[in-house]
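*Asks:* Starting off with a structure, shown below.
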Amino acid sequence: MSRQYVFTAYGGPQGEELRRRAVPEPGPGQITVQVQAAGVNPVDWKIREGLLGRHEPVPVPMGREVAGVVTALGPGVQGVGLGDEILGPVAHGEGGFADHAVLDVAALVPKPADMPFPVAAVLPVAGTAAYDLTHQIELEAGQRLLVIGAGGGVGHLAAQIGSAHQFQVLGVASPAKQSFVESAGATFIPAGPDAARAVRELVPAGVDLMVDLVGGQALRDMAAVVKDPRRIISAADPGTAEELGGEGRQASPGALQKVTDVVAHDLATPHIARTFPLARARDAVSEVESGHTTGKVVIEP
Ligand SMILES: NC(=O)c1ccc[n+]([C@@H]2O[C@H](COP(=O)([O-])OP(=O)(O)OC[C@H]3O[C@@H](n4cnc5c(N)ncnc54)[C@H](OP(=O)(O)O)[C@@H]3O)[C@@H](O)[C@H]2O)c1
1065 MSRQYVFTAY GGPQGEELRR RAVPEPGPGQ ITVQVQAAGV NPVDWKIREG
1115 LLGRHEPVPV PMGREVAGVV TALGPGVQGV GLGDEILGPV AHGEGGFADH
1165 AVLDVAALVP KPADMPFPVA AVLPVAGTAA YDLTHQIELE AGQRLLVIGA
1215 GGGVGHLAAQ IGSAHQFQVL GVASPAKQSF VESAGATFIP AGPDAARAVR
1265 ELVPAGVDLM VDLVGGQALR DMAAVVKDPR RIISAADPGT AEELGGEGRQ
1315 ASPGALQKVT DVVAHDLATP HIARTFPLAR ARDAVSEVES GHTTGKVVIE
1365 P
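Position 252 of the sequence shown, counting from 1, maps to 1316 under my numbering, and the rest follow consecutively.
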């Protein structure tokens, strides 16, 4: 038997439930893994709330990204073997908050041997987002990158990747996260009504790229500090970014392998703030749902 965390009704966390099921069999082009770690993301509770639609019939498995050990190969699978350590997004209809999960072989990446499972587990969602946000519009060394939400899972990684490219990174976050933001090589900007003025004082000509992980009013308040509104990219709120002249995050093929290489070469390191056992998945989701995590939350079954 195997455990899987699901929600049984769209809406609040009261619909979440840990269930038992048989170990899932992989289909053609798929593998089953024993999950070693699963990243928790805002998208997990957003799906549960129905904010992305209510297309999937309940119960809907929760958790989009995992790192684990291959335990079964589906028909036609090549290039992956039993016992291999891999990371990747779960297959459609599957969930990562589980003892076992099914993944499409085409989407996964081998886990570097010395990369801890919790670090590997946060690369398919948060890692690829950070990679795309810092590469969708290319900057040159020395140009200014502003990250709104630099203390969160995606923002802290995006700031580190920007620093590795020798961009001048400025990171907006709440005051308690100053040293955390600075650890990503960024100049700290306290979030709040004075944030835009603080950026203007530091960079009177404006920033070359604005990467947003917060959206709404926080994004609107900062919009005027970017030199060119087409250089606003938001993963949190593409609608507002477009209204302002910018765009949403575009997922690029190959981003998972690239960000895995970046992390394997120590150019950026996801910060795992907290891990929870699968039995406490509800607390893990709730912590991320609070909207104020520092780095990443991970479930280790
Ligand atoms: N489109 C995609 O493919 C994609 C992929 C990944 C993530 N996303 C989205 O991107 C957003 C961020 O994801 P995440 O995983 O980084 O979330 P997260 O880990 O919860 O981080 C969000 C951060 O925003 C900060 N924040 C909240 N209000 C703020 C404000 N007014 N000014 C500055 N910072 C503020 C919070 O820190 P404080 O405690 O400092 O407030 C928190 O650290 C979410 O909306 C998520 O759904 C989209």
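Note that CB positions come from ideal geometry on N, CA and C, so glycine has one too. Everything numeric in this text was worked out from a predicted model, so none of it was measured.
What residue ranges within the segment 1156-1216 form continuous alpha helix (DSSP H) runs of no fewer than 4 residues, ordered along the chain?
*Replies:* 1181-1185, 1192-1199
*Asks:* So if DSSP puts D1276 in a beta bridge, which residue, or which two residues, is it bridged to?
*Replies:* Residue 1276 sits at position 212 when you count from the first residue of the sequence shown. I1212, S1298.
*Asks:* Would you tell me roughly how many angstroms separate the C-alpha atoms of L1203 and R1344, rounded to the nearest one?
*Replies:* Taking the first residue of the sequence shown as position 1, residue 1203 is located at position 139. Taking the first residue of the sequence shown as position 1, residue 1344 is located at position 280. Roughly 41 angstroms between the two C-alpha positions.
*Asks:* Check whether the segment 1181-1190 and the segment 1247-1254 are in contact - that is, three or more C-beta pairs closer than 8 angstroms.
*Replies:* No, because fewer than three Cβ pairs between the segment 1181-1190 and the segment 1247-1254 fall closer than 8 angstroms, the two stretches do not touch.
*Asks:* Give the DSSP-derived three-state secondary structure of V1130 in the structure shown.
*Replies:* The count along the sequence shown starts at 1 and reaches residue 1130 at position 66. Three-state result, V1130: strand.
*Asks:* Would you call the segment 1165-1183 in contact with the segment 1091-1109, where contact means no fewer than 3 C-beta pairs closer than 8 angstroms?
*Replies:* yes
*Asks:* Apply the 10 Å Cβ neighbour rule to V1129 and answer buried if 16 or more other Cβ atoms are within range, or exposed otherwise.
*Replies:* As a working note, residue 1129 is residue 65 in the sequence shown. What sits at residue 1129 in the sequence shown is Glu, not Val. The residue in question, E1129, is buried, as its Cβ has 16 or more Cβ neighbours within 10 Å.
*Asks:* Roughly how many whole angstroms lie between the Cα atoms of D1347 and F1340?
*Replies:* On the sequence shown, residue 1347 is found 283 positions in, with the first residue counted as 1. On the sequence shown, residue 1340 is found 276 positions in, with the first residue counted as 1. Straight-line Cα distance between these residues: approximately 8 angstroms.
*Asks:* Measuring CA to CA, which of E1353, K1360, T1358 is closest to K1110?
*Replies:* Residue mapping note: residue 1110 aligns to position 46 of the sequence shown, counting from 1. Among E1353, K1360, T1358, the Cα nearest to that of K1110 belongs to E1353.
*Asks:* Under the three-state reduction of DSSP, which class applies to K1291: helix, strand or coil?
*Replies:* Here residue 1291 corresponds to residue number 227 of the sequence shown, with the count starting at 1. K1291: coil per DSSP, three-state reduction.
*Asks:* Within the present structure, is the beta-carbon of P1139 separated from the nearest heavy atom of ligand 1 by less than 6 angstroms?
*Replies:* In the sequence shown, counting from the first residue as 1, residue 1139 sits at position 75. No, since every heavy atom of ligand 1 falls outside the 6 angstroms radius drawn around the Cβ of P1139.
*Asks:* On the DSSP bridge assignment, give the partners of R1083 in chain order.
*Replies:* As a first step, residue 1083 must be located in the sequence shown, where it is residue number 19. According to DSSP, which records beta bridges pairwise, R1083 is partnered with Q1068.
*Asks:* If we count the other Cβ atoms within 10 Å of its Cβ and call it buried at 16 or more, is D1325 buried or exposed?
*Replies:* As a position in the sequence shown, residue 1325 is number 261, starting the count at 1. By the neighbour-count rule (16 or more Cβ atoms within 10 Å), D1325 is not buried but exposed.
*Asks:* Could you give the C-beta distance for T1192 and A1315, rounded to a whole number, given that I count them as a contact under 8 angstroms?
*Replies:* Along the sequence shown, read from residue 1 onward, the residue named residue 1192 stands at position 128. Along the sequence shown, read from residue 1 onward, the residue named residue 1315 stands at position 251. Rounded to the nearest angstrom, the Cβ distance from T1192 to A1315 is 7 angstroms, consistent with a contact under 8 angstroms.
*Asks:* Based on Cα-Cα distance, which residue from R1338, L1137, A1319 lies nearest to A1194?
*Replies:* For the purposes of this step, residue 1194 is taken as the residue at position 130 of the sequence shown. The shortest Cα separation from A1194 among R1338, L1137, A1319 belongs to A1319.
*Asks:* Determine the closest residue to G1309 out of R1294, L1115, D1301, with distance taken between C-alpha atoms.
*Replies:* Working through the sequence shown from its first residue, we reach residue 1309 at position 245. Cα-wise, what sits closest to G1309 is R1294.
*Asks:* Could you give the first and the last residue of the continuous alpha helix (DSSP H) run that contains V1326?
*Replies:* By 1-based counting over the sequence shown, the position of residue 1326 is 262. Where V1326 is concerned, the enclosing alpha helix (DSSP H) starts and stops at 1319-1328.
*Asks:* Less than 8 angstroms between the CB atoms is what I'm expecting for A1237 and G1215, so what's the real figure, rounded?
*Replies:* Translated into positions along the sequence shown, residue 1237 becomes position 173. Translated into positions along the sequence shown, residue 1215 becomes position 151. Contact holds; Cβ gap of about 3 angstroms.
*Asks:* Can you find a heavy atom of ligand 1 that lies under 6 angstroms from the Cβ of V1218?
*Replies:* The residue labelled residue 1218 in the question sits at position 154 within the sequence shown. Yes; taking the cut-off as 6 angstroms, the Cβ of V1218 has a heavy atom of ligand 1 nearer than that.
*Asks:* Does the Cβ of R1313 lie closer than 6 angstroms to at least one heavy atom of ligand 3?
*Replies:* No copy of ligand 3 appears in this structure; the ligands present are ligand 1.
*Asks:* Hey, would you say the C-beta of S1243 is under 6 angstroms away from at least one heavy atom of ligand 1?
*Replies:* For the purposes of this step, residue 1243 is identified with residue 179 of the sequence shown, where counting begins at 1. No, since every heavy atom of ligand 1 falls outside the 6 angstroms radius drawn around the Cβ of S1243.
*Asks:* Just checking V1275 against ligand 1 - is the residue's beta carbon closer than 6 angstroms to any of the ligand's heavy atoms?
*Replies:* Locating residue 1275 in the sequence shown gives position 211, counting from the first residue. No, the Cβ of V1275 stays beyond 6 angstroms of every heavy atom of ligand 1.
*Asks:* Return the CA-CA distance between D1330 and Q1321, expressed in angstroms with no decimal places.
*Replies:* Here residue 1330 is taken as the residue at index 266 of the sequence shown, counted from 1. Here residue 1321 is taken as the residue at index 257 of the sequence shown, counted from 1. Roughly 14 angstroms between the two C-alpha positions.
*Asks:* Can H1164 be considered in contact with ligand 1, in the sense that its beta carbon sits closer than 6 angstroms to one or more heavy atoms?
*Replies:* The residue you call residue 1164 lines up with position 100 of the sequence shown. No, since every heavy atom of ligand 1 falls outside the 6 angstroms radius drawn around the Cβ of H1164.
*Asks:* Tell me, please, whether the CB atom of L1234 is closer than 7 angstroms to any CB atom in chain C?
*Replies:* Note that chain C does not occur in the displayed structure, where there is just one protein chain.
*Asks:* Does the Cβ-Cβ distance between L1379 and V1134 come in under 7 angstroms?
*Replies:* With the chain running from 1065 to 1365 in the structure shown, residue 1379 is simply not present.
*Asks:* Flag this pair as yes or no: are the beta carbons of A1101 and V1362 separated by less than 7 angstroms?
*Replies:* Residue numbering aside, residue 1101 sits at position 37 when the sequence shown is read from its first letter. Residue numbering aside, residue 1362 sits at position 298 when the sequence shown is read from its first letter. Result yes, Cβ atoms of A1101 and V1362 sit closer than 7 angstroms.
*Asks:* Who are Q1094's beta bridge partners in DSSP?
*Replies:* As a working mapping, residue 1094 is identified with position 30 in the sequence shown. BP columns for Q1094 point to D1168.
*Asks:* Can you determine whether any heavy atom of ligand 1 sits closer than 6 angstroms to the C-beta of G1215, and answer yes or no?
*Replies:* One-based indexing of the sequence shown puts residue 1215 at position 151. Yes, Cβ of G1215 sits closer than 6 angstroms to a heavy atom of ligand 1.
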